[in-house]
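Participant: Position one of the sequence shown corresponds to residue 7 (this note's numbering), numbered consecutively onward.
Here a beta-carbon is modelled for each residue, glycine too, at the ideal position from N, C-alpha and C.
Provided herewith is a single structure, encoded as structure tokens, for subsequent inquiry.
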Amino acid sequence: MKEFKAQSKKLLDLVVNSIYVNREIFLRELISNASDALDKRRFMSLTDSSLDAEFCIELKVDKKARTITVSDNGVGMTDVELEENLGVIAASGTEAFKKQQGKTDEQLIGQFGVGFYSAFMVADKVTVVSRKVKESKAFKWESDGVEGFEITSAERGSAGTDVIITLKKDGDENYSEFLEDMKLRQLVKKYSDYIRYPIRMLTEKQADGGAKAEEMTTLNSMTPVWKKPKSELGENELDEFYMHEYRDFRAPLMNISTRVEGAVDYTALLFIPSEPSFDYYTKDYKRGLSLYCNGVLIMERCEELVPEYLGFIRGVVDTPDLALNISRETLQHDRRLVAIANGLEKKVLSEFDKLIKNDRKKYESIFEQFGKAIKFGAYDNFGANKDKLKDYLLFYSDANKKLVTIKEYVEKLEDKAPILYACGETSDKISMLPQLEGARESGKDVLYFTDTVDEFFARLLKEYDGHKFENVASGDDGAKAKTDGHEELLKRMENKLSGKATVAATDKLKSYPVCLAAKGNISLEMERVMEAMGGGGVKADRVLQVNLEHPIVRSMEGMDDADFADMVTVLYNEALLAEGYKPETEFLTALNRVLGGNAAVPKKPAANKAAPKKQSTAKKASAPKKSTAKTADEK
Ligand code: ADP
């Protein structure tokens, strides 16, 4: 006897013992596995005709023995595969399981189905007899679903798999209902109707003479959901198809059906998931749509069918125009595939257009989940798609307090007026930036750039309908602000900053005395992004912008040198903090001195004018005295 892997054991225990109401899904899971096995064999048969067969799934019931058998003539499994595939809960299921910590056990099992193992919700014992295609030996896997399983030799006339489940005894639950024809028929109709292979069962039928006879019946319609006319689709049938096919327990945000007749005929059914799959932003994620030829799968994840920026879209494309046995390599360069891909991209974007106009909420929910992907798509490849995608990006508008497109923003602008934007980690943080004050007061709107790619994209786009992009934290507006006679003050501040930043007047501030900006091509945000990417060498040209109208700044005029140095330190650090930077080490002591009337904390020996000796005298002179003097001064 081999033991289940530890992780599987835990999950198995949940499956078997949780009071999960939806036990009936076990049948759907077993049928789907059978269907997958048939897909695999069918696929192989495209290049090896000896594997061709009349593919089907068969259900058998033995009421006395309380067994249900699900048989298929698919690829089958070797003894090694039986152990590997059924000895651990499927990797996909487990991965998803791990990501969903916090959900209740019942939810998890329902959501992921956990495939094969769901049989243990209704069964005491599961036996799998399988013979792999092109092998002469068959093997039997058997388990009670608790500790482990056994694999032994077995007999099977031809390749394929039988999964035999022995139902639990009735008790609080009625398991015997699964032995009834009607129940099984109903379950197949409900969950597995679209399965592309016939699901057959011997059913009792009233013969002409009144005697009962048995007859082989196909229980499913076999019509793939994407081929069903709208009128025949059940209410949530498309969503359910998506959820089961892509192992997502949440309904998709949107589905898009399209049928095209033209140079290339195709039917497509696309889904936008409710959120990015857990591996979406990793290189493990495989984008692509399933490609079918007249209902027969020919490629599982065909990347060529969706552009990278729509890689989150799932779905199927069915076209009668491609040959079944076309190789992957030939297919990738097939012009028909390119035509379908272009058609689908247009279709998706036109659906987005409709949403932007008519169902903003829905578009926002899509953008919230996948906006980053679309933005990267607009920036990627040196902006090859920037014009195509620029109208699908949403940014938070400071004036409108909601998400807007660049187009909507520009519509309200005067001729040639710039598109103002501000960068930051979150909308909340941006909304508190001092730099926004001026724009707000003069009734100008500002777009919030919260993603790292946003500003890079704006620089790439340069302008929209003749309106240039302008960062409110740009230091390039200094020349415009009047300095009237305060040049000396600005110069003095700059000296104190000893190269950390230049100093310039600005009129974009109101209640704040200063803010940090950057001159030239590299903005503060870009510096941060490049640093995060490991290219720390690129530095923004920092400017401390000063509001000359501000009382704090006014009060610095004629201040003694040590106090002036503290004020500059405090103001510079205030500007750093507002931008989300960490303060410098000298900030707190300088702040304390300023708060304590510039005397509570002794000045550092390095303080500008004081020679070390004089400094120590100053210390002895005791703080309170000087503090009083200062207060007197201020009166
Ligand atoms: P999943 O279907 O998510 O991979 P399961 O636990 O349902 O997880 O099945 C585990 C694996 O066992 C499958 O991936 C497949 O390789 C194999 N398997 C299950 N049922 C069959 C079958 N009827 N024929 C061939 N292989 C099967």
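(1) When you compare only the Cα positions, how much space is there between K392 and L439?
(2) Just mark T591 as buried or exposed, buried being the case when its beta carbon has 16 or more other beta carbons within 10 Å.
(3) Taking only the alpha-carbon atoms, compute the straight-line gap between L239 and F247 and give it to the nearest angstrom.
(4) By the three-class DSSP mapping on this structure, what secondary structure does H250 have?
(5) For A613 and T508, what's the separation of their Cα atoms in angstroms?
(6) Expressed to the nearest angstrom, what Euclidean distance is found between the alpha-carbon atoms of K497 and L442?
(7) Is it true that the CB of S51 sits closer than 9 angstroms to the CB of A59?
(8) Are the CB atoms of F358 and I346 nearer to each other than 9 angstroms?
(9) Closer than 8 angstroms: is that where the CB of F122 sits relative to any heavy atom of ligand 1?
(10) What would DSSP say about S77, mapped onto helix, strand or coil?
(11) Return the chain-ordered list of same chain residues with a C-beta closer than 8 angstroms to the C-beta of K8, the five sequence neighbours on each side being excluded.
(12) Within the same chain, show all residues whose beta-carbon is closer than 6 angstroms to that of A125, passing over the 5 residues directly before and after it, in chain order.
(13) I'd like to know whether the C-beta atoms of L173 and D130 end up nearer to each other than 9 angstroms.
(14) I'd like to confirm the pairing. Which residues does DSSP put opposite N320 in its beta bridges?
(15) For the putative contact between T223 and T209, defined by C-beta atoms under 8 angstroms, what is the C-beta separation to the nearest angstrom?
(16) Roughly how many whole angstroms lie between the Cα atoms of A479 and R366?
(17) Quick one: is A428 buried, meaning 16 or more other Cβ sit within 10 Å of its Cβ, or exposed?
(18) Could you please give the first and the last residue of the uninterrupted alpha helix (DSSP H) stretch that includes D434?
(19) Kindly provide the ranges of any alpha helix (DSSP H) runs that are 4 or more residues long and lie completely inside the region 522-602, ordered along the chain.
(20) Using 8 angstroms as the cut-off, classify the Cβ of E141 as near or not near the heavy atoms of ligand 1, replying yes or no.
(21) Distance check for L36 and R48, CA to CA, integer angstroms please.
(22) Tell me R137's beta-bridge partners as DSSP assigns them.
(23) If you draw a straight line from the alpha carbon of M1 to that of E243, how long is it in whole angstroms?
(24) Based on the DSSP output, what are the partners of I157 in its beta bridges?
(25) Looking at C-beta atoms only, is the number of pairs between the region 381-389 and the region 273-280 that lie closer than 8 angstroms three or more?
(26) What separation, rounded to the nearest whole angstrom, lies between the Cα atoms of L601 and D434?
(27) Just checking E89 against ligand 1 - is the residue's beta carbon closer than 8 angstroms to any of the ligand's heavy atoms?
(28) What's the gap between the Cα of L355 and the Cα of A379?
(29) Kindly list the residues whose CB is nearer than 6 angstroms to the CB of V645, restricted to its own chain and excluding five residues on each side of it in sequence; keep chain order.
(30) Could you tell me the distance, in whole angstroms, from the CA atom of C299 to the CA atom of V323?
(31) What I want to know is whether the C-beta of M83 ends up closer than 8 angstroms to one or more non-hydrogen atoms of ligand 1.
(32) Give me, in chain order, the residues of the same chain whose beta-carbon lies closer than 8 angstroms to that of V576; leave out the 5 immediate sequence neighbours on both sides.
(33) Within the continuous beta strand (DSSP E) that includes F401, where are the two ends?
(34) When we look at the beta-carbon of M305 and count the other beta-carbons within 10 Å, is it buried (16 or more) or exposed?
(35) Taking the straight line between their C-alpha atoms, what separation do you get for I205 and A257?
(36) Use the C-beta contact count for T336: other C-beta atoms within 10 angstroms, 16 or more gives buried, fewer gives exposed.
Facilitator: Quick look at the numbers:
(1) For the purposes of this step, residue 392 is identified with residue 386 of the sequence shown, where counting begins at 1. For the purposes of this step, residue 439 is identified with residue 433 of the sequence shown, where counting begins at 1. Cα-Cα distance, rounded: 28 angstroms.
(2) Along the sequence shown, one-based indexing puts residue 591 at 585. Per the 10 Å Cβ criterion, exposed.
(3) Residue 239 sits at position 233 when you count from the first residue of the sequence shown. Residue 247 sits at position 241 when you count from the first residue of the sequence shown. Rounded to the nearest angstrom, the two C-alpha atoms are 11 angstroms apart.
(4) Walking along the sequence shown from the start, residue 250 turns up at place 244. It is helical.
(5) Counting from one through the sequence shown, the residue named residue 613 turns up at place 607. Counting from one through the sequence shown, the residue named residue 508 turns up at place 502. With a pLDDT of 44 at A613, under the threshold of 50, the modelled position of that residue is not reliable, and no figure is offered here.
(6) Your numbering for residue 497 matches position 491 in the sequence shown. Your numbering for residue 442 matches position 436 in the sequence shown. Each residue's Cα considered, the two are about 25 angstroms apart.
(7) As a first step, residue 59 is located in the sequence shown; it is residue number 53 there, counting from the start. As a first step, residue 51 is located in the sequence shown; it is residue number 45 there, counting from the start. Contact: yes.
(8) Here the question's residue 358 lines up with position 352 in the sequence shown. Here the question's residue 346 lines up with position 340 in the sequence shown. Contact: no.
(9) Looking up residue 122 in the sequence shown gives position 116. Correct: F122 has its Cβ closer than 8 angstroms to ligand 1.
(10) Against the sequence shown, residue 77 aligns to sequence position 71. If DSSP states are grouped into helix, strand and coil, S77 belongs with the strands.
(11) In the sequence shown, residue 8 corresponds to position 2, counting from 1. E89, G93, G154, F155, E156, I157, listed in sequence order.
(12) Position 119 of the sequence shown, counting from 1, holds the residue named residue 125. So the list reads F32, V132, I171, once near-sequence residues are dropped.
(13) Working through the sequence shown from its first residue, we reach residue 173 at position 167. Working through the sequence shown from its first residue, we reach residue 130 at position 124. Yes, the Cβ-Cβ distance between L173 and D130 is below 9 angstroms.
(14) The residue labelled residue 320 in the question sits at position 314 within the sequence shown. The amino acid at residue 320 is misidentified as Asn; the sequence shows Arg. Beta-bridge pairing links R320 to F277.
(15) Within the sequence shown, residue 223 is the residue found at index 217, counting from 1. Within the sequence shown, residue 209 is the residue found at index 203, counting from 1. 5 angstroms between Cβ atoms; contact.
(16) The residue given as residue 479 occupies position 473 in the sequence shown. The residue given as residue 366 occupies position 360 in the sequence shown. Those two C-alpha atoms are separated by around 30 angstroms.
(17) Here residue 428 refers to the residue found at position 422 when the sequence shown is read from its first residue. When all chains shown are included, A428 counts as buried.
(18) Reading the sequence shown from its first residue, position 428 is the one you call residue 434. Counting along the chain, the alpha helix (DSSP H) containing D434 begins and ends at 433-437.
(19) 530-538, 557-561, 567-584, 593-601
(20) Taking the first residue of the sequence shown as position 1, residue 141 is located at position 135. Incorrect: E141 has no Cβ contact closer than 8 angstroms to ligand 1.
(21) Counted from its first residue, the sequence shown places residue 48 at position 42. Counted from its first residue, the sequence shown places residue 36 at position 30. Spanning the two alpha carbons is a distance of roughly 18 angstroms.
(22) As a first step, residue 137 must be located in the sequence shown, where it is residue number 131. Beta-bridge pairing links R137 to A144, G166.
(23) Outside the modelled stretch of the chain, which goes from 7 to 641, sits residue 1, for which no answer is possible.
(24) Translated into positions along the sequence shown, residue 157 becomes position 151. Note: I157 sits in a beta bridge opposite W147.
(25) no
(26) Along the sequence shown, read from residue 1 onward, the residue named residue 601 stands at position 595. Along the sequence shown, read from residue 1 onward, the residue named residue 434 stands at position 428. Cα to Cα, the separation comes out at about 28 angstroms.
(27) For this step, residue 89 is matched to residue 83 along the sequence shown. No; taking the cut-off as 8 angstroms, the Cβ of E89 has no heavy atom of ligand 1 nearer than that.
(28) Here residue 355 is taken as the residue at index 349 of the sequence shown, counted from 1. Here residue 379 is taken as the residue at index 373 of the sequence shown, counted from 1. The alpha-carbon atoms of L355 and A379 are separated by roughly 14 angstroms.
(29) One cannot answer for residue 645 here, as it falls past the ends of the chain, which runs 7 to 641.
(30) Your numbering for residue 299 matches position 293 in the sequence shown. Your numbering for residue 323 matches position 317 in the sequence shown. Going by the C-alpha atoms only, they are around 8 angstroms apart.
(31) Translated into the one-based positions of the sequence shown, residue 83 becomes position 77. Yes, since a heavy atom of ligand 1 falls inside the 8 angstroms radius drawn around the Cβ of M83.
(32) The residue you call residue 576 lines up with position 570 of the sequence shown. Answer for V576: F593, A596, L597, V600, listed in chain order.
(33) Indexing the sequence shown from 1 puts residue 401 at position 395. Counting along the chain, the beta strand (DSSP E) containing F401 begins and ends at 401-403.
(34) Within the sequence shown, residue 305 is the residue found at index 299, counting from 1. M305 should be labelled buried.
(35) Residue 205 sits at position 199 when you count from the first residue of the sequence shown. Residue 257 sits at position 251 when you count from the first residue of the sequence shown. If you take the alpha carbons of I205 and A257, they lie about 26 angstroms apart.
(36) Here the question's residue 336 lines up with position 330 in the sequence shown. It counts as exposed.
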